[in-house]
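Colleague: Here it is, the structure, as structure tokens.
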Amino acid sequence: MGLYERWVLPRLLDSAMAFPALDDERRRCLSSARGRVLEVGFGSGRNLPWYPSSVERLVAVDPSGESARLARPRIAQASFPVEYVRLAGESIDAPSQSFDCVVSTFTLCSIPEPHAALQQMRRVLKPGGKLLFAEHGLAPDAGVQRWQRRLNRLQNLLFGGCNLDRNTRKLLTESGFRIEDAEQYYVQGVPRFAGFLTRGVASIDAA
Ligand SMILES: C[S@@+](CC[C@H](N)C(=O)[O-])C[C@H]1O[C@@H](n2cnc3c(N)ncnc32)[C@H](O)[C@@H]1O
Numbered sequence: 002m003g004l005y006e007r008w009v010l011p012r013l014l015d016s017a018m019a020f021p022a023l024d025d026e027r028r029r030c031l032s033s034a035r036g037r038v039l040e041v042g043f044g045s046g047r048n049l050p051w052y053p054s055s056v057e058r059l060v061a062v063d064p065s066g067e068s069a070r071l072a073r074p075r076i077a078q079a080s081f082p083v084e085y086v087r088l089a090g091e092s093i094d095a096p097s098q099s100f101d102c103v104v105s106t107f108t109l110c111s112i113p114e115p116h117a118a119l120q121q122m123r124r125v126l127k128p129g130g131k132l133l134f135a136e137h138g139l140a141p142d143a144g145v146q147r148w149q150r151r152l153n154r155l156q157n158l159l160f161g162g163c164n165l166d167r168n169t170r171k172l173l174t175e176s177g178f179r180i181e182d183a184e185q186y187y188v189q190g191v192p193r194f195a196g197f198l199t200r201g202v203a204s205i206d207a208a
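Sequence positions in the sequence shown follow this note's numbering and run 2 to 208.
Right, dumping it as structure tokens:
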């Protein structure tokens, strides 16, 4: 791993994820989190202040060691225990059916094998458990899509493999999740090619 990926990228992502308009999305996404929670792609812990008091403990999974370091002050202030596990979402090392909630915010765009990671998220959810998600992705407008495809390679290079054109709903349903509730819109203040958000709750499709 080069200097850029190891040192610059985690700081760049930490700054990008501090964008104020995202706070409201985090708060809404996490409002129903409860019990034992697994957060995939935890990064520098920008979600931590937005978890409600119904959360008992959090396991945070992310492959970036430097992000773990950046997250330390936020972890120290959390009102529940947080365990940071340096792993990729595709290889979550946790027992099956062991979490009440799984959280993924602004992460499915960057996971090299999103279907594999979503399979792991399904595996570790307890029956009746929920996936809480807020993800940017493929926009519905043809003009915006054109820009997303044009800029995708640059976005990939600069932002650690982030893709602008993943279809969040499709990824979830292809991976066996049932979307219970989802809102889709452009987040105000974010360029449209990066700001089409899908936020909601999914559960395991029993069918
Ligand atoms: C844009 S950041 C989002 C961080 C955080 N979820 C947030 O909302 O602020 C994307 C995160 O995905 C992580 N990531 C990249 N590949 C991953 C993988 N295979 N499994 C889990 N996380 C991954 C990166 O290290 C980074 O922390």
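Cβ coordinates follow ideal geometry from the N, Cα and C atoms, glycine included. All values derive from a computational prediction rather than experimental measurement.
In whole angstroms, what is the alpha-carbon distance linking Gly-130 and Ala-195?
Modeller: When rounded, the distance between both Cα atoms is 29 angstroms.
Colleague: Could you tell me if the beta carbon of Glu-84 falls within a distance shorter than 8 angstroms of some heavy atom in ligand 3?
Modeller: No copy of ligand 3 appears in this structure; the ligands present are ligand 1.
Colleague: Does the distance between the C-beta of Asp-182 and the nearest non-hydrogen atom of ligand 1 fall short of 8 angstroms?
Modeller: No, the Cβ of Asp-182 stays beyond 8 angstroms of every heavy atom of ligand 1.
Colleague: Grouping DSSP H, G and I as helix and E and B as strand, with all else coil, what is Ala-203?
Modeller: DSSP places Ala-203 in strand when its eight states are reduced to three.
Colleague: Could I get the ranges of all uninterrupted alpha helix (DSSP H) runs contained in the stretch 130-190, with 4 residues as the minimum, in chain order?
Modeller: The stretch 130-190 contains these whole alpha helix (DSSP H) runs: 143-159, 169-175.
Colleague: Considering only the alpha carbon of each residue, which of Ser-92, Phe-43, Glu-57 lies closest to Ala-69?
Modeller: For Ala-69, the nearest C-alpha among the options comes from Phe-43.
Colleague: Considering Cα atoms alone, identify which of Ala-95, Val-41, Arg-124 is closest to Phe-107.
Modeller: Of the candidates Ala-95, Val-41, Arg-124, the one whose C-alpha sits nearest the C-alpha of Phe-107 is Val-41.
Colleague: Based on the DSSP output, what are the partners of Ala-61 in its beta bridges?
Modeller: Glu-40, Tyr-85.
Colleague: In terms of residue numbering, what span does the alpha helix (DSSP H) encompassing Cys-110 cover?
Modeller: Taken as a continuous stretch (DSSP letters only), Cys-110 belongs to no alpha helix (DSSP H), as it is neither H nor E.
Colleague: Taking all protein chains shown into account, do 16 or more other C-beta atoms lie within 10 angstroms of the C-beta of Asp-46, making it buried, or fewer, making it exposed?
Modeller: Residue identity differs from the one stated: residue 46 is Gly in this sequence, not Asp. Buried, because 16 or more other Cβ atoms sit within 10 Å of the Cβ of Gly-46.
Colleague: Please classify Pro-128: does DSSP put it in a helix, a strand, or coil?
Modeller: Here Pro-128 sits in strand by DSSP.
Colleague: Report the residue from Asp-24, Cys-30, Glu-6, Val-125 whose alpha carbon sits nearest the alpha carbon of Ala-183.
Modeller: Of the listed residues, the one whose Cα sits closest to Ala-183 is Cys-30.
Colleague: By the three-class DSSP mapping on this structure, what secondary structure does Asp-25 have?
Modeller: Here Asp-25 sits in helix by DSSP.
Colleague: Hey, Leu-139 and Leu-109: beta-carbon distance below 9 angstroms or not?
Modeller: Not in contact: Leu-139 and Leu-109 (Cβ atoms no closer than 9 angstroms).
Colleague: By DSSP, does Ala-208 sit in helix, in strand, or in coil?
Modeller: Caution applies to Ala-208, whose pLDDT of 49 falls short of 50 and renders its modelled position unreliable; the value that the coordinates give is listed next. The answer is coil: DSSP assigns Ala-208 none of H, G, I, E or B.
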